[in-house]
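A quick write-up on the structure given underneath.
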Amino acid sequence: MSENPVKHRVGAVSYLNTVPLVWGMLHGPQSEEVELSFSIPSACAREVEEDKTHIGLVPVAEIARLGLEALPGVGITCLGAVRSILLFARVPWRQVRVLAADLSSRTSIQLALVILRERYGAEPQAIQMRPVLGEMLATGADAALIIGDPALTIDPDETGLEWLDLGMEWFSLTQLPMVFAAWAGKPGIPVEALTALTRNSYHFGKSRLPDIIDAEHPKRRISRELADRYLRDHIRFEIGPAEQRGLEVFLELARLRQPGLAQRA
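Heads up, the sequence shown is in the working numbering, so the first residue is 740 and it goes up one at a time.
This is the structure we're talking about:
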């Protein structure tokens, strides 16, 4: 009897925006190739760092910090409004001194700090809190950052607060896409095989987007209309030259080191 082949250990983010990327790993041919686990973005980075996974969907700020190798092709990006990275404030933006943030993604925090500095002249201190908008602002923080699925459950126009969509703010600042996360692992990973795996899984999911929306929107407690609009209009999944340039500009403005982007197909 032949031994079972060793599977790639893959760490994915538990948010809705990740599901099209991993649909093939969950329900398609790629499911035979992987052991898939889910966690928050910062934990995906930590699991790669600790060799618990071979690759993870890692925030680009963590790819830079840890010196990981990013796979080309697909990730989490936007061009304009992203809908799931929202910044709220109870004071004028230039007066923001304390930013309450769910620290599950270092990239989102860095993006908020870049936008506040470059567009509004504010340089706040970030403090960690769980992502409950009322609690975050009740502590005396001037602004609060909500990301991922929790942001999708908020109608920002009904909060009575000033708010910004950080994807739109980034586009207004740079006229470039914003890259939030990419598949990445430690240097020496089999780039060609893992690139094929992640791309094929995404293309399997892309062709079944209505099934994904039907399956996921009740779990996320959002309407089907919002889930559809979010995955079709707000989130983009392919990383090309414009996204690479957007990433370079973000890392420059965030004063982070360029991640090791794999250049092979």
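All C-beta atoms, glycine included, are put in the ideal place defined by N, C-alpha and C.
Here the structure is a predicted model, which is why all the values come from computation and not from measurement.
Sorting V797, I824, G763, V871 by C-alpha distance to the C-alpha of A851 places I824 at the top. Between S844 and the set A865, P916, R856, E982, the nearest pair of CA atoms involves A865. Taking 7 Å as the cut-off, the beta carbon of G795 is found no closer than this to the beta carbon of E801.
Comparing alpha-carbon positions, the option among G879, G814, A920, I974 lying closest to A839 turns out to be G879. Taking a C-beta distance under 7 Å as the contact criterion, A920 and I815 qualify as a contact pair. Taking the Cβ atoms as the reference, L986 lies roughly 4 Å from V918, within the contact range of under 8 Å. Nearest to S753 by C-alpha distance, out of C783, G899, R947, is C783. Proximity to L765 across A993, D950, R968 peaks at D950, based on C-alpha coordinates.
The beta carbon of E991 sits closer than 6 Å to no other beta carbon from its chain once the five residues preceding and following it are set aside. Note that the C-beta distance between F777 and A809 is not below 7 Å. Comparing alpha carbon positions, the residue from A981, D953, E977 closest to R968 is D953. Within the stretch 806–842, not a single complete alpha helix (DSSP H) segment reaches 4 residues in length. Secondary structure note for Q983: its alpha helix (DSSP H) is the uninterrupted segment 980–992.
Counting only runs of 4 or more residues that sit fully inside the stretch 858–942, the alpha helix (DSSP H) segments are 872–877, 888–891, 905–913, in chain order. The three-state reading of DSSP puts R947 in coil, since its state is none of H, G, I, E or B.
For R856, the CB contacts under 7 Å within the same chain, skipping 5 residues up- and downstream, are E862 in chain order. Residue pairing by DSSP places F976 opposite no residue, since no beta bridge is assigned to it. When DSSP states are grouped into helix, strand and coil, I802 belongs to the helix group. Taking C-alpha positions only, K791 is separated from V830 by approximately 42 Å. Q769 is classed as buried because its beta carbon has at least 16 other beta carbons within 10 Å across all chains shown.
The beta carbon of K746 lies closer than 7 Å to those of E772, V773, E774 in the same chain, with the five residues before and after it left out.
Boundaries around L965 are those of the alpha helix (DSSP H), 963–968, since no beta strand (DSSP E) includes it. D888 sits away from R963, with the two beta carbons spaced by 7 Å or more. Assignment of S753 by DSSP, reduced to helix, strand and coil, places it in the coil class.
Taking all protein chains in view, the Cβ of S781 is crowded by 16 or more other Cβ atoms within 10 Å, so the residue is classified as buried. Put simply, the backbone Cα of D972 is about 30 Å away from that of R833.
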